[in-house]
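These notes are about the structure you will find just below.
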Amino acid sequence: EALDRLVSGRTVFVIAHRLSTVRNANRIVVLDNGSIIEQGTHNQLLEKDGLYKRLYEAQELQK
């Protein structure tokens, strides 16, 4: 929530290992070995069943 308030109305690039940090972003870009492999909103990426979804689910299981 604090990050959401801080970036409201701004263009911001966030590099995150904890995917819950970027869950509310307008667009998430997933990089693998320097190449863009996926992009979209949190919900769109979860529907794609790709790397983002696998990483997100793995992090959620660790909670």
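Residues 29 to 91 (this note's numbering) make up the sequence shown, in order. We treat Cβ as the ideally placed atom computed from N, Cα and C, and that holds for glycine.
Unbroken beta strand (DSSP E) stretches of 3 residues or longer found wholly inside the segment 61-85: 63-68, given in chain order. In the structure shown, Val40 adopts coil according to DSSP, grouped into three states. For Ala30, the enclosing alpha helix (DSSP H) begins and ends at 30-35. In the same chain as Asp32, and ignoring 5 residues on each side of it, the C-beta atoms closer than 7 Å to its own belong to Asn52, in chain order. The C-alpha of Ser48 lies about 16 Å from the C-alpha of Leu59.
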